[in-house]
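Q: Got a structure for you, written out below as structure tokens; questions coming shortly.
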Amino acid sequence: MSIHISHDQKSGRWSFSYSRHLFVAVGMVFLAGGIAALAGPWWLPIATFVFGKIDVKIDSSANYWVAAILIVVGLSILAFKFLVLDKWAHRLAIDKETIARSPPAVQEVKRYFDDLLDDHSYRSSFDTHFYRAYNQFSDASNALQDTKTAALFNTFATDARALHHFVAPNFFVFPDNQGPNPDYRYCLAPHMNIDRDMVSYDAKKVARYDELKRELAERVAQARQSYDAFVRRLKKLGHI
1 MSIHISHDQK SGRWSFSYSR HLFVAVGMVF LAGGIAALAG PWWLPIATFV
51 FGKIDVKIDS SANYWVAAIL IVVGLSILAF KFLVLDKWAH RLAIDKETIA
101 RSPPAVQEVK RYFDDLLDDH SYRSSFDTHF YRAYNQFSDA SNALQDTKTA
151 ALFNTFATDA RALHHFVAPN FFVFPDNQGP NPDYRYCLAP HMNIDRDMVS
201 YDAKKVARYD ELKRELAERV AQARQSYDAF VRRLKKLGHI
């Protein structure tokens, strides 16, 4: 049985954590108190001392009510521990094993986002990492069990697919001749970018490129936000 209270100096937040066995100890205390109350009003002197100061009379016949309440509370706490907390802990343990077998490529995915935003380009290897990231836990045999973790992953997967569906038709291999390097570089509509493959200035193409840039930035921001939320959840649970 343990209770931990910690303070994050950076955020100023206090956190409280406890062992699941604490619920067993507390539940057993209530249960033992209820059973003891059936044998006699052990609580009566305490109640008389407390409430006597404010002229509240205690009826000793309430002993059975006190016993019943203590037993019900004790059983409820134990039921919560075994039926809720233990099942949740089991789901977290399964997720931890799943993620250990297939750890997320966090740095590679973040690099993919950075390249899209900063240079409007990406390398095929990082695109592969990104594709794997949003399909990583989609299969039933590899699905996450914790409800909140799974929901955060599904949100990321939805946003990531939306980004990928935009990237696929709007990015092209550039430059054309990249030699024997298999890790090809793709750029956003290079034929609409005067710094890349636009031969002569075309105002319409430049305007269209600006539209594509804005949409790209929006989709990257959405996917990055949901991915960061998912990764924070994994770190909070100690999975990565």
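All residue numbers for the sequence shown refer to full-length UniProt numbering, where the first residue is 1 and numbers rise by one. Built from N, CA and C at the ideal position, the CB exists for glycine as well. Keep in mind that this is a model prediction, so the values were computed, not measured.
#1: Which same chain residues end up closer than 6 Å to residue 239 when comparing Cβ atoms and leaving out the 5 residues on each side of it in sequence?
#2: Nearer than 7 Å: is that true of the beta carbon of residue 72 relative to any heavy atom of the ligand COA?
#3: From residue 121 to residue 170, what distance separates their C-alpha atoms?
#4: Given this structure, state the Cα-to-Cα distance separating residue 73 from residue 33, to the nearest angstrom.
#5: Is residue 197 closer than 8 Å to residue 174 when the C-beta atoms are compared?
#6: Would you call the segment 137-145 and the segment 216-223 touching, i.e. three or more CB-CB distances under 8 Å?
#7: Shortest alpha-carbon distance to residue 31 belongs to which of 128, 206, 64 and 70?
#8: Going by beta carbon distance, what residues of the same chain come within less than 8 Å of residue 213, once the five residues before and after it are set aside?
#9: Tell me which residues share the same chain as residue 152 and place their Cβ nearer than 8 Å to its Cβ, disregarding the 5 neighbours each side in the sequence.
#10: On a Cα-Cα basis, can you pick out the residue from 162, 182, 204 and 201 that is closest to residue 215?
#11: Return the first residue and the last residue of the beta strand (DSSP E) that residue 134 is part of.
#12: So residue 133 and residue 104 are supposed to be a Cβ contact under 8 Å. How far apart are they, rounded?
#13: Taking residue 192 as the reference, which of 76, 168 and 172 has the closest Cα?
#14: Name the residue from 149, 76, 112 and 101 whose alpha carbon lies nearest to the alpha carbon of residue 91.
#15: Give the straight-line distance between the Cα atoms of residue 235 and residue 93, rounded to the nearest whole angstrom.
#16: Determine the direct distance from the alpha carbon of residue 64 to that of residue 75, and round the result to whole angstroms.
#17: Taking the alpha carbon of residue 81 as the point to measure from, which residue in 123, 218, 26 and 207 has its own alpha carbon closest?
#18: What residues match up with residue 186 in a beta bridge as DSSP calls it?
#19: Could I get the ranges of all uninterrupted alpha helix (DSSP H) runs contained in the segment 74-104, with 4 residues as the minimum, in chain order?
A: This is what the structure gives:
#1: Your numbering for residue 239 matches position 239 in the sequence shown. Answer for residue 239: 96 and 99, listed in chain order.
#2: For the ligand COA, the structure offers nothing, since it holds no ligand at all.
#3: Position 121 of the sequence shown holds residue 121. Position 170 of the sequence shown holds residue 170. Cα to Cα, residue 121 sits roughly 11 Å from residue 170.
#4: Position 73 of the sequence shown, counted from the first residue, corresponds to residue 73. Position 33 of the sequence shown, counted from the first residue, corresponds to residue 33. Taking the straight line joining both Cα atoms gives about 10 Å.
#5: Within the sequence shown, numbered from 1, the residue matching residue 174 stands at position 174. Within the sequence shown, numbered from 1, the residue matching residue 197 stands at position 197. Cβ distance < 8 Å, so residue 174 and residue 197 count as in contact.
#6: no
#7: In the sequence shown, the residue the question calls residue 31 occupies position 31. Nearest of 128, 206, 64 and 70 to residue 31, Cα basis: 70.
#8: What you label residue 213 is simply residue 213 of the sequence shown in a count that begins at 1. So the qualifying residues of the chain are 120 and 188.
#9: Here residue 152 corresponds to residue number 152 of the sequence shown, with the count starting at 1. Cβ within range, chain order: 226, 229, 230 and 233.
#10: The count along the sequence shown starts at 1 and reaches residue 215 at position 215. Cα-wise, what sits closest to residue 215 is 162.
#11: Position 134 of the sequence shown, counting from 1, holds the residue named residue 134. Going by DSSP, residue 134 is part of no beta strand (DSSP E) but of the alpha helix (DSSP H) stretching over 124-135.
#12: Mapped onto the sequence shown, residue 133 falls at position 133. Mapped onto the sequence shown, residue 104 falls at position 104. Sure, about 6 Å apart at Cβ, within 8 Å.
#13: Position 192 of the sequence shown, counted from the start, is the residue given in the question as residue 192. Per the Cα distances, 172.
#14: Within the sequence shown, residue 91 is the residue found at index 91, counting from 1. For the residues 149, 76, 112 and 101, the minimum Cα distance to residue 91 belongs to 149.
#15: Walking along the sequence shown from the start, residue 235 turns up at place 235. Walking along the sequence shown from the start, residue 93 turns up at place 93. Those two C-alpha atoms are separated by around 14 Å.
#16: Translated into positions along the sequence shown, residue 75 becomes position 75. Translated into positions along the sequence shown, residue 64 becomes position 64. Taking the straight line from one Cα to the other gives about 16 Å.
#17: What you label residue 81 is simply residue 81 of the sequence shown in a count that begins at 1. Of the candidates 123, 218, 26 and 207, the one whose C-alpha sits nearest the C-alpha of residue 81 is 26.
#18: Translated into the one-based positions of the sequence shown, residue 186 becomes position 186. 122 and 173, per the DSSP bridge assignment.
#19: 86-101
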